[in-house]
Each structure stands twice: as C-alpha cells, then as structure tokens.
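Protein chains in written order, with this note's numbering: chain A, 678 to 947; chain B, 36 to 301.
Structure first, commentary second.
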C-alpha cells in the first residue's frame with residue numbers, strides 16, 4: 678500500500694472511532710443542527726487561525742466555544758426560536774469565514790479541501806493530531822461519561838445531584854469542536870456532522886445500553902471508512918463523500934435488517 | 036424541631052415579572068409540607084429557588100449542614116434514541132452501591148420495571164422510577180414537583196400512600212408541590228397556599244377553612260373541603276396582587292405564619 682493511502686486509512690479510522698461515542702451524545706441531546714452550526718463556524722476558525730497564525734485547530738476551538746456561548750446566552754434573551762438562531766449563526770459564520778479566507782492574500786488556501794475534506798493529503802503530523810487528540814478526547818469522555826449521561830437525561834436533576842452542568846457542557850462543546858477540527862481533513866466541514874450522527878443513529882437499532890451504542894457507533898463508523906475509502910480507490914470517487922455515502926448505505930441496510938428482525942420476532946411471538 | 040431547609044424573604048422575578056414575592060417558610064425534620072396554588076402561582080419557581088437552580092433577586096435559602104436532598108422533577112423527556120433501563124436511570128444519580136437500585140426499587144414497588152427501557156414506561160411508572168431515584172442517596176429531605184401528575188385517581192392515592200410509608204420508615208421530610216386538593220389534604224402535615232406570595236399556611240384543617248384558600252381555588256372547590264366560610268380579609272386582583280377588603284375588622288383565627296401583613300406585589 679502506498680504511504681498516502683495508509684495515512685488516509687489510519688486518519689479515517691481514528692476519526693470514526695472518536696466520532697462514534699461523541700456522536701451518540703449529539704443524537705441523544707438532539708443537537709444535530711448544533712453540530713452542523715459548529716462545523717460551519719469552524720471555517721471562520723480556520724480563517725482566523727490562518728490570519729493570526731495561531732493555527733487552524735486553536736482557531737476552530739475558539740470560534741466553536743464562542744458560538745456555543747453566544748447561543749446559550751442568546752437563547753435566554755432573544756425572542757427568536759433557537760433553530761432560527763442556529764441557522765443565523767451557522768450560515769452567518771460560514772459566510773464570514775468564506776469572506777475572510779477570500780481576503781487572505783498571503784496564504785494560498787484550498788477552499789475545497791476544507792469544505793469536502795482531502796483525506797489523501799493527510800500528513801504524518803495530521804495523523805499525530807488525529808490519534809493524540811482522539812486519545813485525549815476518549816479519555817476525557819470516559820471521565821465525564823456519567824455526568825454527561827445524567828445531564829442528557831435531565832439537566833436540573835443532575836445539577837441537584839451535584840453535577841457541575843455548565844462545566845460539563847463546555848467540555849463537551851470543546852470535544853465536538855476538536856472532532857470537527859480533526860475530522861475536517863477526512864470528510865470536510867460540510868459533511869463532518871454526518872460522521873457524528875449517522876453511525877450513532879444506525880447503532881441505536883442494535884443497542885441496549887448507552888455504552889453498547891457508543892461502541893457500535895464507532896464500529897459502524899470504522900466500517901463506513903473502510904467501505905468508502907475502498908470504493909474511492911477502486912472507482913476513483915471523491916473519498917470524503919464516498920465515506921459518508923457508505924455510512925448512509927449502512928444506515929439504510931441496518932434499518933432494513935432491524936425492521937425484518939422485528940417483524941420475525943413479532944411473528945414468532947404471535 | 037430541627038429545620039432542614041428554610042426560605043427567608045425569597046423573591047424571584049424574570050423579565051421584570053415577579054414570580055414569587057418575599058416568601059418565607061421552613062421545613063421541619065420529619066414533616067410532609069405541601070405547596071398548593073394555581074398554575075402560574077410560582078410553585079415550581081419556589082422549589083427551583085430552594086434547590087439553587089434559579090437565581091433569586093432577594094432573600095436567602097438556609098440549609099441544615101450536610102443536608103442530603105432527593106429531587107423529583109416535574110417532567111422527564113428522555114430521547115428515544117438513548118437506550119436506558121430504569122435500573123441504569125436510577126444509577127445515574129451518582130456514586131451509589133451496586134445494590135441500591137434494587138433496594139429503592141423494592142421500596143417503590145418497581146422491581147419488575149428495573150430492566151425495562153425507560154422509553155416503554157407509562158407516565159405513572161416513570162413517576163415511581165423518579166421517586167426511586169430520589170431515594171438513592173438516602174435523603175433527609177425529598178423535594179417533589181407534582182409527583183402524582185399524569186396518574187389516575189387510584190394511582191395518585193397509591194403514590195401518596197407510598198410517600199407516607201417512605202416518610203414513616205425513613206423519617207425523612209417531604210416538600211412537595213401538588214394541585215390535587217383532596218389527596219394533599221389527607222396526607223400532609225402542613226399546607227402552604229402560594230399565589231406569588233404565601234396566602235395562607237397551616238395544618239390541612241386550618242387551611243381548608245381559610246378564606247384565602249376559598250379565594251384561590253374558588254368557592255366550589257373550597258366548599259367540597261371546607262365546613263364553613265368566614266370573611267376574607269384580602270382578595271386578589273387580576274395579576275394576583277393582594278387587595279385588602281375595606282372595612283374588614285374581625286378575623287376569626289390566626290394561622291401560624293400567616294402572611295396578612297403583606298403589602299402586595301411591587
């Protein structure tokens with residue numbers, strides 16, 4: 678296997694493994710659109726990161742946290758429904774990000790690679806970020822797992838029981854931002870949310886506990902990367918979209934399987 | 036008697052609207068205290084202020100040292116995408132021993148539900164699971180927000196019996212919000228009528244004959260409970276402010292902590 682293929686494969690697998698458990702929380706907390714908003718806003722983070730030379734990852738993290746804080750505060754004072762607010766921030770930050778990137782004369786930016794990913798251009802440094810950041814994310818997630826679950830089920834009940842809810846939410850937002858930052862190379866800003874929600878949604882059909890759903894989501898994600906990258910090599914398809922299309926295919930097939938299984942079960946019970 | 040939790044002149048307003056106004060009361064150890072009042076009367080707001088979940092504008096909450104609280108919120112909306120058994124739900128309450136879920140499950144008669152998914156439980160079953168979770172840390176004080184909501188009459192009666200049993204066995208206090216007058220009157224030690232401010236308070240027998248009670252719940256509801264009426268000394272205008280009745284002089288009784296010196300909402 679060529680070096681660049683190996684790197685692409687490793688990067689994809691790493692991102693899928695981390696996106697599974699984090700994506701479960703996106704699904705459980707009904708935050709799919711929030712994830713999308715963070716993804717779009719991250720292009721602004723890329724622009725600011727390049728402009729100020731703090732680096733794209735730091736830029737993305739800062740912008741994501743700023744957007745999350747803005748949303749939390751606007752929700753309390755605004756008369757606009759929160760999905761409208763999400764739409765405004767989502768497209769507003771994406772547009773500003775595009776404008777800023779367009780004005781950067783000193784840096785040549787391949788916009789398409791940010792929007793749709795460029796997994797074949799993954800470097801060894803990128804890989805170090807994927808696995809270093811990924812390992813850190815999973816460690817932190819394990820540490821706050823019960824608190825996050827408690828907040829997901831009922832925030833005020835968790836607060837009364839001693840969970841520091843504001844803190845846990847901030848950490849979680851940062852984790853989503855980091856996944857977006859490292860996943861961007863693989864599938865791009867436009868499609869990164871799908872790596873969070875599609876494997877998780879497919880996993881729900883076979884899971885009986887939160888932990889088994891998180892594990893299955895990782896497995897489905899890994900499988901989608903293998904399928905998508907394989908197809909991309911064989912048929913010369915764009916690799917980011919191919920991975921997401923594979924995840925989508927898995928979602929449809931698992932849906933049919935789950936449906937048949939349920940029909941069989943109710944027949945044997947009848 | 037030891038006081039577990041006390042409110043001193045609690046005032047909460049949101050967007051310039053005063054939800055509760057200078058509310059003071061306390062929950063003694065071992066007692067069941069029930070807050071009743073009309074919708075929008077600030078019952079849930081008062082509970083949340085006591086629990087520290089919302090900011091108060093004025094006043095303070097005093098807790099007994101090392102007080103352990105159990106809380107049962109009003110609504111529970113778990114997304115169906117989250118696979119969670121009732122046992123796991125109870126264990127989310129924090130670090131508890133492995134047998135605790137089973138023990139509180141037995142206490143609330145829900146052992147047959149423990150391994151079912153939360154998404155398939157009925158409203159009444161969820162209420163019992165919530166109650167079980169609130170017991171997981173052996174609380175000194177149970178704070179329950181409308182514990183019997185969404186239940187039929189039989190279910191409600193059973194739940195209040197269960198609450199009384201829990202209190203007797205554990206010796207804990209209960210502070211709850213309810214709007215079912217009949218059941219409240221049977222199973223409670225002290226009643227607080229709340230409509231922005233405390234309209235009247237006392238034992239169930241005292242409160243049911245209080246004119247402020249009839250004022251709050253309408254003559255018919257009060258008639259069903261009350262044996263007699265007497266003169267009101269204040270009434271409420273449209274936004275719930277207190278309007279003293281002119282020419283009222285004699286007042287038939289004094290309740291403990293009765294808040295008649297109240298000046299009305301600002």
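All residues carry an ideal CB built from backbone N, CA and C; glycine is no exception.
- Taking Cβ-Cβ distances below 8 Å as the criterion, which residues of the stretch 115-137 of chain B are in contact with chain A? 116, 117, 118, 119, 120, 123, 124, 127, 128 and 129
- Grouping DSSP H, G and I as helix and E and B as strand, with all else coil, what is residue 856 of chain A? helix
- Query: Below 7 Å between beta carbons: does that hold for residue 733 of chain A and residue 767 of chain A?
  - Reply: no
- Would you mind reading off the limits of the beta strand (DSSP E) that contains residue 57 of chain B? 52-63
- 7 Å Cβ cutoff, residue 108 of chain B in contact with chain A: At least one beta carbon of chain A lies nearer than 7 Å to the beta carbon of residue 108 of chain B.
- Please name the residue in B:227, B:165 and B:229 whose C-alpha comes closest to that of residue 198 of chain B. B:165
- Query: Within 7 Å (strictly less), CB to CB, does residue 302 of chain B reach chain A?
  - Reply: Only positions 36 to 301 of chain B appear in the structure, and residue 302 of chain B is not among them; the question remains open.
- Answer with yes or no whether the minimum CB distance from residue 838 of chain A to chain B is below 7 Å. yes
- Given a threshold of 16 other Cβ atoms within 10 Å of its Cβ, counted over all protein chains shown, does residue 940 of chain A qualify as buried or as exposed? Its Cβ having fewer than 16 others within 10 Å, residue 940 of chain A is exposed.
- Query: In chain A, what lies closer than 8 Å to residue 88 of chain B by C-beta?
  - Reply: 833, 836 and 837
- Item | Counted within 10 angstroms of its Cβ, other Cβ atoms place residue 819 of chain A as buried (16 or more) or exposed | Burial call: exposed.
- Message: Are the CB atoms of residue 902 of chain A and residue 920 of chain A within a distance shorter than 7 Å?
- Response: Judged by their CB atoms, residue 920 of chain A and residue 902 of chain A are nearer to each other than the 7 Å cut-off.
- Query: Ordered along the chain, which non-local residues of its own chain (more than five positions away) have a Cβ less than 7 Å from that of residue 124 of chain B?
  - Reply: 153, 164 and 168
- Query: Would you say residue 881 of chain A faces chain B, with C-beta separation under 7 Å as the test?
  - Reply: yes
- Beta-carbon proximity list for residue 689 of chain A, same chain, < 7 Å, skipping 5 on both sides: 796, 863, 902, 906 and 920
- Residue nearest to residue 856 of chain A in terms of C-alpha spacing, selected from A:692, A:686, A:883 and A:687: Residue 856 of chain A has its Cα closest to that of A:692, out of A:692, A:686, A:883 and A:687.
- Message: Tell me the residue span of the alpha helix (DSSP H) that contains residue 803 of chain A.
- Response: 801-820
- Query: Can you give the Cα-Cα distance for residue 40 of chain B and residue 131 of chain B, rounded to whole angstroms?
  - Reply: 24 Å
- Query: In chain B, which residues lie with their C-beta within 7 Å of the C-beta of residue 844 of chain A?
  - Reply: Residues of chain B passing the Cβ test: none, with the nearest at roughly 15 Å.
- Does DSSP classify residue 94 of chain B as helix, strand or coil? strand
- Is it true that the stretch 880-892 of chain A meets the stretch 701-710 of chain A, where meeting means three or more beta-carbon pairs spaced less than 8 Å apart? By the C-beta criterion, the stretch 880-892 of chain A is judged to be in contact with the stretch 701-710 of chain A, since at least 3 inter-stretch pairs fall below 8 Å.
- Item | Neighbourhood of residue 89 of chain B by C-beta, 6 Å cutoff - its chain only, sequence neighbours within 5 removed | 83
- Query: Using a C-beta to C-beta distance shorter than 7 Å, which residues of chain A count as neighbours of residue 104 of chain B?
  - Reply: Chain-order list of chain A residues neighbouring residue 104 of chain B: 837, by C-beta distance under 7 Å.
- Item | Short CB-CB distance (under 7 Å) between residue 704 of chain A and chain B | Look at residue 704 of chain A: its C-beta is under 7 Å from a C-beta on chain B.
- Query: What separation, rounded to the nearest whole angstrom, lies between the Cα atoms of residue 121 of chain B and residue 150 of chain B?
  - Reply: 6 Å
- Cβ-based burial, residue 74 of chain B [other Cβ within 10 Å; buried from 16]: Classification of residue 74 of chain B: exposed, given that the 10 Å Cβ count is below 16.
- Query: Hey, does residue 884 of chain A have any beta-carbon neighbour from chain B nearer than 7 Å?
  - Reply: yes
- Item | Distance, residue 86 of chain B Cα to residue 630 of chain A Cα | One cannot answer for residue 630 of chain A here, as it falls past the ends of chain A, which runs 678 to 947.
- Neighbour-count burial assignment, residue 936 of chain A, 16 or more Cβ in a 10 Å radius: exposed
- Task: Under 9 Å between beta-carbons, which chain C residues line up against residue 887 of chain A? List them in chain order, please.
- Result: Of the protein chains in this structure, namely A and B, none is chain C.
- Query: Helix or strand or just coil, what does DSSP make of residue 87 of chain B?
  - Reply: coil
- Message: Rounded to the nearest angstrom, what separates residue 45 of chain B and residue 721 of chain A at their Cα positions?
- Response: 45 Å
- Item | From A:816, A:899 and A:711, residue whose alpha carbon lies closest to that of residue 764 of chain A | A:711
- Compare the Cα-Cα distances from residue 76 of chain B to each of B:52, B:62 and B:42 and report the closest residue. Among B:52, B:62 and B:42, the Cα nearest to that of residue 76 of chain B belongs to B:52.
- Query: CB-CB under 6 Å to residue 70 of chain B, same chain, minus the five flanking residues each way: which ones, in chain order?
  - Reply: 78, 212, 227 and 229
- Closer than 7 Å, CB to CB, is residue 830 of chain A near chain B or not? For residue 830 of chain A, the nearest CB of chain B lies under 7 Å from its own CB, placing it at the interface with that chain.
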